[in-house]
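J.:
Number of protein chains: 2
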Amino acid sequence: MTLRFPPLLLGPTTKGFWSPTPVTRSEFVAAGHTLTDGSLTWPVLTLDADAVVHNIGQLASFTADRGLAFAPHGKTTMSPELFSAQLDAGAWGITVATGNQLLSAHSFGVHRVLVANEVLDPTVLRWIAATLAAEPSADILFHVDSVAAVDVAAAALAGEGRLRVLLEVGHEAGRSGVRSGDQALAVAQHVARTPGVDLVGVSAYEGALVDADAARAFLAEVRAVAEMLVGAGLLQDHVILSAGGSAYFDVVADVLGGADVGGVPSTTILRSGAYLTHDHGTYAGSTPFTRIAGHLYPALRVWAQVVSTPEDGLAIVGAGKRDVPYDSGLPVVLRRHRAGQAPVAVVGWDVTRTNDQHAYLECGDPLGTALAVGDLLELGISHPCTAFDKWRAIPVIDAEQRVVDVVTTWF
Amino acid sequence: MTLRFPPLLLGPTTKGFWSPTPVTRSEFVAAGHTLTDGSLTWPVLTLDADAVVHNIGQLASFTADRGLAFAPHGKTTMSPELFSAQLDAGAWGITVATGNQLLSAHSFGVHRVLVANEVLDPTVLRWIAATLAAEPSADILFHVDSVAAVDVAAAALAGEGRLRVLLEVGHEAGRSGVRSGDQALAVAQHVARTPGVDLVGVSAYEGALVDADAARAFLAEVRAVAEMLVGAGLLQDHVILSAGGSAYFDVVADVLGGADVGGVPSTTILRSGAYLTHDHGTYAGSTPFTRIAGHLYPALRVWAQVVSTPEDGLAIVGAGKRDVPYDSGLPVVLRRHRAGQAPVAVVGWDVTRTNDQHAYLECGDPLGTALAVGDLLELGISHPCTAFDKWRAIPVIDAEQRVVDVVTTWF
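Chains as they are written, first to last, in numbering that gives the first Met the number 0: chain D, 0 to 410; chain U, 0 to 410.
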């Protein structure tokens with residue numbers, strides 16, 4: 000797929016870019032800027048070019064080796080440039096979470112989209128049916144987990160067009176998805192008697208489970224549900240199985256991979272999204288590459304200045320809730336940059352809380368590296384999804400801190 | 000001031016707007032849409048037209064009655080349309096928190112900006128000096144709280160132009176700002192001997208203090224610092240005092256208001272921002288209008304559908320960390336809308352947690368109002384700042400849910 004990138008001028012309203020006069024992305028990149036030449040300002044989120052290329056290659060190899068189709072979760076980045084890079088590396092399509100994300104991805108030119116969520120808005124349902132009817136290359140899948148949701152879909156269609164749905168299987172204390180085989184059967188039977196709605200597979204989300212063993216047990220139930228539905232004649236000809244956060248995709252491959260379900264040919268679509276940039280926090284500890292061969296590099300860093308050192312052991316940094324994730328771990332301080340000095344690792348200082356535009360760094364060790372007003376800090380983040388959604392344009396930098404590209408986000 | 004609004008097309012990438020074909024804001028408004036006519040989709044954040052007009056009027060009256068200048072904090076909304084409405088109601092200028100917010104506000108045409116933060120980036124400091132020199136109507140103020148920050152400013156100037164700074168006074172366990180009168184004197188004396196940097200007043204932030212008594216005691220110290228600096232000859236001719244979140248602006252008026260500081264004429268600039276939309280959470284409980292005459296209405300609501308009811312007493316709603324604030328209280332469920340039925344209040348259901356794109360509603364009362372898949376819920380939010388920054392365009396609706404305007408945000 001060749002994607003279209005919406006035009007974005009980098010101008011005075013583009014956070015992180017210090018550009019009183021608007022310029023295009025390509026003009027900005029062609030100017031040959033660096034991180035510290037005054038074309039960017041603090042705070043800014045950067046993407047490490049080498050790390051992203053490496054990470055895309057890791058999952059492309061993993062999915063190819065394990066025979067999986069890949070629809071990386073686009074909600075992570077909502078970036079057409081990053082969707083394009085993943086599709087160029089062989090991804091089947093893009094996963095999204097909402098109607099608006101589906102519309103965005105389609106406007107970028109993505110014609111295979113898995114909506115890993117229930118869709119209840121009649122406007123969106125009608126658009127899906129119309130798009131599937133009008134565009135032979137389009138494939139749009141979404142989840143159903145209730146009789147009511149199937150009825151909403153059928154009512155939206157009003158006899159016009161067809162929809163392709165995946166039955167979502169959930170787990171106790173989890174999010175959406177049927178909680179038992181009986182419920183799965185009831186929903187699938189209801190789909191079978193609903194004109195215009197076609198059941199094409201089974202989907203699940205294992206990423207919030209506590210460990211790989213729990214994910215393995217749950218995904219075995221998901222496969223069993225799919226086999227039961229095949230046995231009941233409710234899934235025929237071809238079965239789609241889908242799952243996958245960025246914590247247990249090895250287990251997804253083990254349990255849901257393979258060429259058939261109960262004798263019916265199958266395709267398994269992996270949906271991992273956060274792998275793309277990895278992180279210095281939650282995913283650093285939970286990636287499957289702690290269990291299998293391979294490696295991901297953290298690709299996102301926030302650069303922010305120390306704006307105040309008002310008390311001993313306290314430094315106030317100019318990056319806050321609008322700039323860094325705080326929902327799944329706070330940023331970690333990597334290095335200090337000071338004019339005329341080599342960068343040094345910052346030891347003993349932790350981000351302890353954030354305000355809208357500030358982070359509080361506290362030093363538990365009075366012998367820790369000293370921070371001074373005006374120092375530029377390099378912060379690692381935890382949870383890529385809530386980093387990307389705070390920035391509309393992100394400079395991509397190489398190992399020499401040259402700006403080699405700019406990616407955009409559309410949240 | 001007549002502001003400029005950056006053009007924004009409402010198109011497929013505009014969250015909340017269901018617009019496969021891009022249209023301008025004025026085209027969208029002229030089309031006479033309503034909340035539920037299919038031109039919007041879920042989740043969507045809406046702004047209540049009447050409530051915003053009322054709230055702007057309340058603070059315009061309050062500041063006029065108390066003789067305060069008003070520079071509402073623009074970080075809350077970063078919306079030129081809402082900046083304009085506040086300036087039209089008599090605000091002196093706009094407060095911002097960062098260099099990029101300053102550049103944005105200036106690009107909108109705001110020529111009086113208070114940066115309620117230290118500014119350490121030489122690029123930004125040079126731009127401020129150049130703008131003050133080039134634009135006679137411009138006034139740009141920012142905070143200093145250290146000798147180092149004054150030196151960074153002077154080094155950035157390199158002898159060219161002048162900067163106008165406010166000495167920031169902080170409090171223990173607070174954010175930035177000097178912690179003592181001795182520190183204040185040292186910084187002010189350093190400013191006095193630094194060419195190109197002019198001390199024009201004293202600033203503080205009282206909004207994170209525990210109660211109004213604590214705010215009153217702290218602000219009395221702030222006034223005392225200003226009087227001490229006047230006495231030392233370090234503030235002359237005219238003194239600016241500034242403070243003000245949205246929790247204690249009555250106390251700011253009481254303690255920092257008035258026409259002089261130590262016999263020198265003074266202006267007090269209030270910076271409250273969150274008052275504009277108020278909320279159903281943290282500010283509902285902490286607004287000064289619990290102590291003084293007046294009232295604010297909550298103006299922000301998120302509309303989202305129930306996408307799944309997978310277990311008894313659990314409903315999954317299609318709005319998550321990308322859509323609703325979760326840093327200072329979770330959303331509250333106001334009303335349920337179901338086709339063909341009158342809206343009903345939802346009792347007994349609480350949002351207990353959020354994922355990226357979902358909220359978990361749990362019912363502690365088995366007799367609580369039933370929620371069903373497809374129901375549209377109206378959610379109130381807590382903390383306006385982290386609501387605005389999740390949306391690029393926000394429909395403004397009237398009491399009949401007609402879309403009467405669209406405001407844009409530039410984070």
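The beta-carbon is built from N, C-alpha and C at its ideal position, and this holds for glycine as well.
So who's on the other strand from Trp348 (chain D), going by DSSP bridges?
T.: The residue labelled residue 348 (chain D) in the question sits at position 349 within the first sequence. For Trp348 (chain D), which the question treats as bridged, DSSP gives the partners D:Cys362.
J.: Determine, for Arg321 (chain D), whether the minimum Cβ-Cβ distance to residues of chain U falls below 9 Å.
T.: Taking the first sequence and counting its residues from 1, the one referred to as residue 321 (chain D) is at position 322. True, the Cβ-Cβ gap to chain U drops below 9 Å.
J.: Would you please verify whether the beta carbon of Pro121 (chain U) is less than 9 Å from any beta carbon of chain D?
T.: Residue mapping note: residue 121 (chain U) aligns to position 122 of the second sequence, counting from 1. At least one chain D Cβ lies under 9 Å of Pro121 (chain U).
J.: Sort D:Ser83, D:Ala88, D:Glu26 by Cα distance to Phe4 (chain D) and report the nearest one.
T.: Position 5 of the first sequence, counted from the start, is the residue given in the question as residue 4 (chain D). Selected option, being the one with the closest Cα: D:Ser83.
J.: Buried or exposed for Gly158 (chain U), please, with buried defined as at least 16 other CB atoms from any protein chain shown within 10 angstroms of its CB.
T.: Within the second sequence, the letter at position 159 stands for residue 158 (chain U). By the 10 Å Cβ count, Gly158 (chain U) comes out exposed.
J.: Kindly indicate the opening and closing residues of the beta strand (DSSP E) around Val263 (chain U).
T.: Translated into positions along the second sequence, residue 263 (chain U) becomes position 264. Taken as a continuous stretch (DSSP letters only), the beta strand (DSSP E) holding Val263 (chain U) covers 263 to 269.
J.: When the Cβ atoms of the stretch 379 to 390 of chain U are set against those of the stretch 278 to 297 of chain U, are three or more pairs found closer than 8 Å?
T.: yes
J.: How would you call Gln411 (chain U), buried or exposed, if buried means at least 16 neighbouring beta carbons within 10 angstroms?
T.: Given a span of 0 to 410 for chain U in the structure shown, any question on residue 411 (chain U) remains unanswerable.
J.: May I have the straight-line CA-CA distance separating Asp210 (chain U) from Gly284 (chain U), to the nearest angstrom?
T.: To locate residue 210 (chain U), count along the second sequence from 1; it is residue 211. To locate residue 284 (chain U), count along the second sequence from 1; it is residue 285. Going from the Cα of Asp210 (chain U) to the Cα of Gly284 (chain U) covers about 12 Å.
J.: Ile315 (chain U) by DSSP, collapsed to three states: which one?
T.: The residue given as residue 315 (chain U) occupies position 316 in the second sequence. The answer is strand: DSSP assigns Ile315 (chain U) an E or B state.
J.: Taking the alpha carbon of Arg174 (chain U) as the point to measure from, which residue in D:Leu240, D:Ala371, D:Thr407, D:Thr353 has its own alpha carbon closest?
T.: By 1-based counting over the second sequence, the position of residue 174 (chain U) is 175. Considering only alpha carbons, the answer is D:Thr353.
J.: Within 10 Å of its beta-carbon, does Thr23 (chain U) have 16 or more other beta-carbons around it, so buried, or fewer, so exposed?
T.: Residue mapping note: residue 23 (chain U) aligns to position 24 of the second sequence, counting from 1. Exposed is the call here.
J.: How many whole angstroms separate the CB atoms of Gln400 (chain U) and Leu34 (chain U), which I take to be in contact at a CB cut-off of 8 Å?
T.: Start at 1 with the first residue of the second sequence, and residue 400 (chain U) comes out as number 401. Start at 1 with the first residue of the second sequence, and residue 34 (chain U) comes out as number 35. That belief holds up - the Cβ atoms of Gln400 (chain U) and Leu34 (chain U) are roughly 4 Å apart, short of 8 Å.
J.: For Ile139 (chain U), return the contacting residues in chain D, with the cut-off set at a CB-CB distance below 8 Å.
T.: Counting from one through the second sequence, the residue named residue 139 (chain U) turns up at place 140. Here the premise fails: no neighbours, minimum Cβ distance about 14 Å.
J.: Contact criterion: CB-CB distance below 9 Å. Does Ser285 (chain D) meet it with respect to chain U?
T.: Sequence index remark: in the first sequence, residue 285 (chain D) carries index 286 (1-based). No - not a single Cβ of chain U is within 9 Å of the one on Ser285 (chain D).
J.: Taking 9 Å as the cut-off, decide whether the C-beta atoms of Val177 (chain D) and Val164 (chain D) are in contact.
T.: If you number the first sequence from 1, residue 177 (chain D) lands on position 178. If you number the first sequence from 1, residue 164 (chain D) lands on position 165. No, they are not a contact pair.
J.: Name the chain U residues whose beta carbon is nearer than 9 Å to that of His294 (chain D)?
T.: Here the question's residue 294 (chain D) lines up with position 295 in the first sequence. Ordered by position in chain U, no residue passes the 9 Å Cβ test against His294 (chain D), which lies about 25 Å from the chain.
J.: Return the residue from the list D:Thr1, D:Arg335, D:Val350, D:Val43 that minimises the CA-CA distance to Gly328 (chain D).
T.: As a working mapping, residue 328 (chain D) is identified with position 329 in the first sequence. Out of D:Thr1, D:Arg335, D:Val350, D:Val43, D:Val350 has the C-alpha closest to the C-alpha of Gly328 (chain D).
J.: Just reading off the beta strand (DSSP E) that Val395 (chain U) is part of, what are its end residues?
T.: To locate residue 395 (chain U), count along the second sequence from 1; it is residue 396. Taken as a continuous stretch (DSSP letters only), the beta strand (DSSP E) holding Val395 (chain U) covers 392 to 396.
J.: Could you tell me which chain U residues have their CB closer than 7 Å to the CB of Glu117 (chain D), listed as they occur along the chain?
T.: Sequence index remark: in the first sequence, residue 117 (chain D) carries index 118 (1-based). Neighbours of Glu117 (chain D) on chain U, chain order: Val306, Ser307.
J.: Report yes if the CB atom of Pro324 (chain D) is closer than 9 Å to the CB atom of Cys362 (chain D), and no otherwise.
T.: Position 325 of the first sequence, counted from the first residue, corresponds to residue 324 (chain D). Position 363 of the first sequence, counted from the first residue, corresponds to residue 362 (chain D). No, these two residues do not count as a Cβ contact at 9 Å.
J.: Name the chain U residues that come within less than 7 Å of Ala371 (chain D), Cβ to Cβ?
T.: Numbered from 1 along the first sequence, position 372 holds the residue referred to as residue 371 (chain D). Within chain U, the residues near Ala371 (chain D) are Ala147.
J.: Start and end of the alpha helix (DSSP H) containing Ala128 (chain U)?
T.: As a first step, residue 128 (chain U) is located in the second sequence; it is residue number 129 there, counting from the start. Run containing Ala128 (chain U): 121 to 133, per the alpha helix (DSSP H) assignment.
J.: Name the one or two DSSP bridge partners that Thr407 (chain U) has.
T.: Taking the first residue of the second sequence as position 1, residue 407 (chain U) is located at position 408. U:Ala392, per the DSSP bridge assignment.
J.: With a threshold of 7 Å on Cβ separation, who are the neighbours of Leu295 (chain U) within its own chain once the five nearest residues in sequence on each side are excluded?
T.: Counting from 1 along the second sequence, the entry for residue 295 (chain U) is found at position 296. Taken in chain order, the residues that qualify are Asn54, Gln57, Tyr274, His277, Thr286, Phe288.
J.: Could you tell me if Gly373 (chain U) is buried or exposed, where buried requires 16 or more neighbouring beta carbons within 10 angstroms of its beta carbon?
T.: For this step, residue 373 (chain U) is matched to residue 374 along the second sequence. Under this definition Gly373 (chain U) is a buried residue.
J.: Report the residue from D:Phe107, D:Leu102, D:Ala96 whose alpha carbon sits nearest the alpha carbon of Leu86 (chain D).
T.: Here the question's residue 86 (chain D) lines up with position 87 in the first sequence. For Leu86 (chain D), the nearest C-alpha among the options comes from D:Phe107.
J.: Can a CB atom of chain U be found closer than 9 Å to the CB of Leu113 (chain D)?
T.: Here residue 113 (chain D) is taken as the residue at index 114 of the first sequence, counted from 1. Chain U contact via Cβ: absent.
J.: Which one of D:Val405, D:Asp138, D:Gly244 has the shortest CA to CA distance from Thr75 (chain D)?
T.: Within the first sequence, the letter at position 76 stands for residue 75 (chain D). Nearest of D:Val405, D:Asp138, D:Gly244 to Thr75 (chain D), Cα basis: D:Gly244.
J.: Counting C-beta neighbours from all protein chains within 10 Å, is the total for Thr94 (chain U) 16 or more, i.e. buried, or is it exposed?
T.: To locate residue 94 (chain U), count along the second sequence from 1; it is residue 95. Burial call: buried.
J.: Measuring alpha carbon to alpha carbon, tell me which of D:Arg65, D:His105, D:Asp49 ends up nearest Thr1 (chain D).
T.: The residue you call residue 1 (chain D) lines up with position 2 of the first sequence. Closest by alpha carbon: D:His105.
J.: What residues from chain U crowd round Arg334 (chain D), counting only those whose CB sits closer than 9 Å?
T.: Within the first sequence, numbered from 1, the residue matching residue 334 (chain D) stands at position 335. Here the premise fails: no neighbours, minimum Cβ distance about 17 Å.
J.: What residues are listed by DSSP as bridge partners for Gln304 (chain U)?
T.: The sequence position of residue 304 (chain U) within the second sequence is 305, counting from 1. U:Leu375, per the DSSP bridge assignment.
J.: DSSP beta-bridge partners for Phe141 (chain U)?
T.: The count along the second sequence starts at 1 and reaches residue 141 (chain U) at position 142. Answer by DSSP bridge pairing, in chain order: U:Val114, U:Val164.
J.: With DSSP run on the structure shown, which of helix, strand or coil describes Thr33 (chain U)?
T.: Position 34 of the second sequence, counting from 1, holds the residue named residue 33 (chain U). Thr33 (chain U): strand per DSSP, three-state reduction.
J.: Sort D:Glu117, D:Gly73, D:Leu113, D:Leu119 by Cα distance to Ala137 (chain D) and report the nearest one.
T.: Taking the first sequence and counting its residues from 1, one reaches residue 137 (chain D) at position 138. Among D:Glu117, D:Gly73, D:Leu113, D:Leu119, the Cα nearest to that of Ala137 (chain D) is on D:Leu113.
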